[in-house]
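Following: one structure in structure tokens, then a few remarks.
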Amino acid sequence: MPPLTITTVQELRTRTAAALASAGIVLTPGEQATIEVADCGLGEIATTGLQLITYINTSRCCAKELVLFANQTFPEHRHPPVGTDPGKEETFRCRQGTLFLYVEGDPTATPKATPPPARRPYLTVWHEVILQPGDQYTLQPNIKHWFQAGPAGCIVSEFSTRSTDEHDIFTDPAIRRMPTIH
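Residue 5 is where the sequence shown starts when you use my numbering, and the numbers rise one by one after that.
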């Protein structure tokens with residue numbers, strides 16, 4: 005799989021900033037320069053991963069914007085306890101587009117998402133929650149979840165307790181949450 009290059013990251017940062025601007029979300033030049041491209045170490049960013057900007061991440065709270073382009077999927081994972089912290093609790097609020105969110109619970113008979121075939125064997129939760137602009141959903145700590153943008157992509161604001169992404173546990177053993185750029 006091709007590695008994530010600085011050229012690809014720069015192109016995706018520009019595209020992400022434009023998508024956010026189209027939703028009325030303005031980033032400073034400094035924020036645009038720190039947009040994270042999370043390809044999960046797979047080199048499949050067009051289908052697996054997301055783009056995000058973290059506004060704040062303190063010992064008590066975190067605020068981010070998640071941008072997923074058309075049908076981009078973020079793999080199944082959970083936010084486990086870390087030390088005395090019970091794990092990240094997060095609320096997703098859809099700002100633009102559609103987000104297909106999958107969580108623990110009764111499986112949906114005909115889910116809307118079409119995950120990448122190579123990643124599908126690692127998706128174990130299929131209870132579907134569909135978020136449209138203005139909808140939100142809160143995930144408790146240590147709950148398996150994954151999500152996919154609809155055909156027009158989506159923008160989701162994430163509000164949470166402290167984010168420790170480096171501790172996320174993915175169902176797919178090939179996933180590396182923190183990106184490596186070549």
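Think of the CB as a built atom: it goes at the ideal place given N, C-alpha and C, for glycine as much as any other residue. What you are looking at is a predicted structure, and each value in this text was computed from that prediction instead of being measured.
Assuming residue i is part of the beta strand (DSSP E), what are its boundary residues?
{"i": "L3", "result": "Any answer about residue 3 is impossible in this case: the structure gives the chain only from 5 up to 186."}
{"i": "H83", "result": "Note, H83: premise wrong, no beta strand (DSSP E); not H, not E."}
{"i": "H149", "result": "H149 to S164"}
{"i": "G101", "result": "E94 to V107"}
{"i": "Y141", "result": "Q140 to L143"}
{"i": "L46", "result": "It is not in any beta strand (DSSP E) - L46 carries neither H nor E in the DSSP assignment."}
Buried or exposed: residue i, going by 16 or more other Cβ atoms within 10 Å of its Cβ?
{"i": "D43", "result": "buried"}
{"i": "V30", "result": "exposed"}
{"i": "R64", "result": "exposed"}
{"i": "I57", "result": "buried"}
{"i": "Q100", "result": "buried"}
{"i": "M5", "result": "Note that M5 scores a pLDDT of 49, beneath 50, so its modelled location is shaky; the value from the coordinates is reported in the next line. It is exposed - the Cβ of M5 has fewer than 16 other Cβ atoms within 10 Å."}
{"i": "T118", "result": "exposed"}
{"i": "A178", "result": "exposed"}
{"i": "D162", "result": "Before going further, note that residue 162 is Glu rather than Asp in the sequence given. Buried, because 16 or more other Cβ atoms sit within 10 Å of the Cβ of E162."}
{"i": "K92", "result": "buried"}
To the nearest angstrom, how far is the alpha carbon of residue i from that of residue j?
{"i": "A27", "j": "Q140", "result": "17 Å"}
{"i": "P79", "j": "W150", "result": "5 Å"}
{"i": "Y59", "j": "P145", "result": "21 Å"}
{"i": "G157", "j": "L46", "result": "20 Å"}
{"i": "A37", "j": "V13", "result": "10 Å"}
{"i": "P85", "j": "D176", "result": "19 Å"}
{"i": "S167", "j": "N61", "result": "6 Å"}
{"i": "D169", "j": "V133", "result": "23 Å"}
{"i": "E40", "j": "H171", "result": "17 Å"}
{"i": "R180", "j": "T11", "result": "20 Å"}
{"i": "G87", "j": "K148", "result": "19 Å"}
{"i": "I173", "j": "L8", "result": "21 Å"}
{"i": "Q76", "j": "Q152", "result": "6 Å"}
{"i": "T32", "j": "T52", "result": "27 Å"}
{"i": "P115", "j": "L143", "result": "19 Å"}
{"i": "A122", "j": "I49", "result": "13 Å"}
{"i": "Q137", "j": "T102", "result": "Per the sequence shown, the amino acid found at residue 137 is Pro instead of Gln. Computed Cα separation, rounded: 7 Å."}
State the start and end residues of the unbroken alpha helix (DSSP H) segment that holds residue i.
{"i": "E35", "result": "P33 to A37"}
{"i": "I60", "result": "Looking at the DSSP string, I60 is not in any alpha helix (DSSP H); the run it does join, the beta strand (DSSP E), is L54 to N61."}
{"i": "V13", "result": "I10 to S26"}
Are the stretch 116 to 129 and the stretch 72 to 86 in contact at 8 Å, needing three or more beta carbon pairs?
yes
Determine contact between the stretch 67 to 75 and the stretch 15 to 27, defined as no fewer than three beta-carbon pairs at a distance below 8 Å.
The stretch 67 to 75 vs the stretch 15 to 27: in contact.
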